[in-house]
Every structure is written in C-alpha cells, then in structure tokens.
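Just below is one structure, and these are the notes that go with it.
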Amino acid sequence: MGLAFIFSTAFLVGLSGALMPGPLLTVTVGESARRGFIAGPLLVAGHGLLEGVLVLALALGLSSFFHHPLTSKVVALIGGFFLIYMAWGMLRDARSGRLEFEAKGTREEVAVTDGVPQVFPSRGLDLVWTGMLVSLSNPYWSLWWATVGLGYITLSLQHGDLGLLSFFSGHILSDLVWYSLVAAVVAGGRRFLTPALYRGIILACGLFLVFLGGSFILWGLRT
Numbered sequence: 021m022g023l024a025f026i027f028s029t030a031f032l033v034g035l036s037g038a039l040m041p042g043p044l045l046t047v048t049v050g051e052s053a054r055r056g057f058i059a060g061p062l063l064v065a066g067h068g069l070l071e072g073v074l075v076l077a078l079a080l081g082l083s084s085f086f087h088h089p090l091t092s093k094v095v096a097l098i099g100g101f102f103l104i105y106m107a108w109g110m111l112r113d114a115r116s117g118r119l120e121f122e123a124k125g126t127r128e129e130v131a132v133t134d135g136v137p138q139v140f141p142s143r144g145l146d147l148v149w150t151g152m153l154v155s156l157s158n159p160y161w162s163l164w165w166a167t168v169g170l171g172y173i174t175l176s177l178q179h180g181d182l183g184l185l186s187f188f189s190g191h192i193l194s195d196l197v198w199y200s201l202v203a204a205v206v207a208g209g210r211r212f213l214t215p216a217l218y219r220g221i222i223l224a225c226g227l228f229l230v231f232l233g234g235s236f237i238l239w240g241l242r243t
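If you count the sequence shown from 1, position 94 lands on 114 in our numbering, and the numbers rise without skipping.
Next comes the structure, spelled out in structure tokens:
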C-alpha cells in the first residue's frame with residue numbers, strides 16, 4: 021500500500037464521514053449564514069487541530085485510553101449537554117429575531133425591531149475553538165478514531181512519518197473540501213435570506229442540535 025493509496029483512500033473514507041449529518045455540519049450551516057464563507061474553513065481548522073493531536077496520541081500508543089468504555093460514556097454525556105447549551109443559544113437568537121453578521125473583519129449583531137435593523141457590536145464565539153469543541157462533543161467521533169482511524173494509523177505507520185502525514189492530509193482535506201462547499205453554498209444564498217427565513221434556518225439548526233445532544237446523553241447513559 022503506497023503513499024498515494026493511503027492519501028486517496030483516507031480522503032474518500034473521510035469524505036463519507038463528513039457527508040453524514042452531525043453537529044459540525046449543523047454548526048457550519050448556522051455560522052455560515054451568520055458570518056459568511058469563512059466560517060467553514062475556520063471550523064475545519066479547529067476540527068483539524070483536534071484531530072491532529074488525536075492522531076499523534078494514537079500513534080504514540082494511547083489507543084487503550086480511547087478504547088476504554090468509560091471514555092465514550094463521559095464524552096457522550098458532556099458532549100450532549102454542550103450541544104444542548106449551543107442549541108439553547110441558537111433558539112434564543114431565533115426567537116428574539118437577532119441576526120448576526122461578520123463584516124470587514126469585525127462582527128456585528130443586527131436586531132430587527134418592528135422591521136427596523138439596529139446594529140451593535142458583539143464578541144461572539146471563536147470559530148476555531150467552536151470547531152474543536154463541537155467535534156469533541158460527538159462520541160461517534162471518538163469511536164471512529166478508536167476503530168477505523170486507529171486501523172488507518174497502524175497501516176500508514178508502515179511507511180513511517182510520511183505515511184502518517186499522507187493519511188492525515190487526505191483525511192483533513194476531505195473535511196476542508198466538504199465543509200467549505202457547504203459554507204460557500206449557505207453564504208452565497210445569504211443575499212436571498214429574509215429575516216424570517218434566516219430565523220427559520222437557525223431554529224432548525226438549534227432543534228437538530230437538541231436532538232443530537234439528547235441522543236448522545238441517552239447513548240451515554242445506556243452504554
């Protein structure tokens with residue numbers, strides 16, 4: 021199995037995982053509607069940093085920690101509550117009619133009151149940290165790395181550091197391509213978004229995060 025094969029198969033397997041609906045996809049849709057295209061690459065940057073640390077940890081022999089049932093249980097419970105917390109913020113904004121935009125490098129919030137936009141500054145969330153935390157909140161993410169990911173790491177290490185680099189580059193490139201595409205589509209449609217439609221998108225994303233968070237908590241309690 022050569023380096024090109026490792027890279028290409030890692031890209032395809034990673035893409036198949038990225039295409040599945042999950043917390044990171046939901047947050048990408050919501051944040052791209054708020055902040056534009058840049059939300060996609062920044063979220064993937066945080067996601068990639070976390071995965072890079074995890075790949076190194078697994079390569080150094082820490083796989084037993086990620087295989088431990090208690091690890092998945094704790095990740096599921098904490099992650100579920102974190103997703104519900106994020107969902108609460110999105111649902112609150114959707115209900116209040118507050119629209120958030122990223123313009124010229126600074127973020128602003130626009131509250132629509134009686135059809136009149138009122139602009140005021142907002143600190144907001146750091147998208148890179150959000151990408152890391154949202155990824156970490158998903159117990160299926162840690163399970164994937166403890167099984168499929170660990171298998172790929174073992175095979176790629178037969179080619180040394182170059183093999184590991186080929187695997188990780190193919191894997192993270194699949195995330196970057198897919199989530200950037202999603203961000204581009206969502207951001208490109210912002211010009212057609214009415215306040216009501218925008219609130220509907222945020223509301224749908226928030227409700228889906230509630231569903232995922234609740235599912236993770238139930239999964240963790242039953243594991």
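No residue lacks a Cβ here, since even glycine has one placed at the ideal position from N, Cα and C.
Because the structure is a prediction, the values reported are computed rather than measured.
Asked: Just curious, the alpha helix (DSSP H) that P215 is in, first and last residue?; Found: 215–242
Asked: Hey, could you find the ends of the alpha helix (DSSP H) F57 is sitting in?; Found: It is not in any alpha helix (DSSP H) - F57 carries neither H nor E in the DSSP assignment.
Asked: Quick one: what's got a C-beta closer than 8 angstroms to V49's C-beta in the same chain, skipping five residues either side?; Found: V202, V206, I221, C225
Asked: Ignoring anything shorter than 4 residues, give me the alpha helix (DSSP H) runs that lie fully in the region 152–210, in order along the chain.; Found: 159–164, 170–176, 180–208
Asked: Does the distance from the CB of Y199 to the CB of L63 come in under 8 angstroms?; Found: yes
Asked: Can you name the start and end residues of the alpha helix (DSSP H) that G109 belongs to?; Found: 89–116
Asked: Could you tell me which of Q178, G66, M152, H88 sits nearest to G99, measuring between CA atoms?; Found: M152
Asked: Note down, in chain order, each residue of its chain lying with its Cβ closer than 7 angstroms to the Cβ of G183, except the 5 sequence neighbours on either side.; Found: L23, I26, S176, L177
Asked: Excluding the 5 residues flanking R115 on each side, which residues of the same chain have their C-beta closer than 7 angstroms to its C-beta?; Found: none
Asked: Could you tell me the distance, in whole angstroms, from the CA atom of E51 to the CA atom of F102?; Found: 17 angstroms
Asked: I need the boundaries of the alpha helix (DSSP H) containing L32, first residue and last residue.; Found: 23–38
Asked: Going by the CB atoms, is the gap between D146 and G34 shorter than 8 angstroms?; Found: no
Asked: When DSSP labels each residue in this structure, what does L44 get in the three-state scheme?; Found: helix
Asked: Exposed or buried, what is W149 when buried is set at 16 or more other beta-carbons lying within 10 Å of its beta-carbon?; Found: exposed
Asked: Could you check the C-alpha separation between G81 and L238 for me, to the nearest Å?; Found: 30 angstroms
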